Amino acid sequence: MAFFARKETPAQNIAFCALAAAFDAILSLVGALLPLSSVFLMAAAPLIASFVAYFCQKRYHALYLFSALGISIAVSAWDFQNTLFYLLPCLCSGLVYGYGVRTKAPASFSLFLSSLCQFLFFILSLYLVKAIYQVNMVDVLLAFFDKERNPASEAAIVLLGLAYSFGASGIAHFVFILVSPKLGIPLVWKARRLWVHPCFCLASSLLSFAFLFLYPPLAYFFLGISLYWVSLSLVEFAPKAHWGFYALSFLLLFASILLFAFLYPSLSIVQGFGMIALFPAALSLSCFLEVLLGKKKSTH
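Residue numbers (the working numbering): 991 to 1290.
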């Protein structure tokens, strides 16, 4: 059986998981010796984990994860935080992404779920660092950008964490697409309806508005999510849309700008900037209407 092929027997699954865990341990050792190699770690570790999720059976995924973490901590025990804060999120997000590829889920959802996994570990790491080292990473990050703590700082950290998570998962996704044809991995994604991306964007924007006056960090989380979905919507709709789509988008954007300018002076800084969600909401509504109008035309 070829090395890069689905593993059927227990021996094949265990051997592949062991080899992948050994590569992860090497990455962890390199990361401990060369701190600036974290970018390489963000690309290579999720790629290895995605191979395990794709080629190995599901019941061996936990074995691989704990083996990789155990060996990595053993070879870089003096710098175990590198394994905890960098390798663990990369492995989990890689497993999520690889399982999405294995089940032929749409690429946008595989990337979104792996990014969400990265983000959850990012937030968890803030609390772990505070519990273990008594260091508030929010203050450290704000000091890095020469900013003082204010009511908007938590919301800004949420957006920073989302940007990091989507960036890390995006790098891994790009590398996976590059190497998969050479390894004989068919990139077959399930078809989805055109309204899905705009609908998710609109829902995220509405949730952002709902939490803006209740818990702003959560509102900014949904704002970041809406920016992801609206980007995919525009990439999908803009190249093949007719002039009516652009005219409608312009009108809705102009209306959202006027509404933003009207509301912003009466709101706090956090709530005012949170109203940026008006823009992805307007664009997603334009895409959604384009789908509905296109369906009506096709029926006549």
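Even for Gly, the Cβ is constructed at its ideal location relative to N, Cα and C.
None of these values were measured; they are calculated from a predicted model.
Asked, Found
"Buried/exposed call for residue 1123, threshold 16 Cβ in 10 Å", "exposed"
"The segment 998-1010 / the segment 1053-1062 touching (three or more Cβ pairs under 8 Å)", "yes"
"Collapsed DSSP secondary structure at residue 1232 in the structure displayed", "coil"
"Beta-carbon proximity of residue 1273 to residue 1249, cut-off 8 Å", "no"
"Local conformation of residue 1124 per DSSP, three classes", "coil"
"Spatial neighbours of residue 1239 in its chain, beta-carbon cut-off 7 Å, leaving aside the 5 residues before and after", "1273, 1276"
"Any non-hydrogen atom of the ligand ZN within 7 Å of residue 1157 CB", "For the ligand ZN, the structure offers nothing, since it holds no ligand at all."
"Opening and closing residue of the alpha helix (DSSP H) in which residue 1083 lies", "1078-1092"
"Distance CB(residue 1159)-CB(residue 1091) smaller than 8 Å", "no"
"Which of helix, strand or coil DSSP assigns to residue 1286", "Residue placement at residue 1286 is poorly supported in this model, since its pLDDT is 47, which falls under 50; the coordinates still yield a value, given next. Reduced to three states, the DSSP call for residue 1286 is helix."
"Three-pair Cβ contact test at 8 Å for the segment 1191-1209 versus the segment 1259-1272", "yes"
"Proximity below 8 Å, CB of residue 1008 to CB of residue 1038", "no"
"Of the residues 1066, 1203, 1042, the one placed nearest residue 1022, counting alpha carbons only", "1066"
"Straight-line Cα distance separating residue 1118 from residue 1126", "10 Å"
"Straight-line Cα distance separating residue 1161 from residue 1231", "29 Å"
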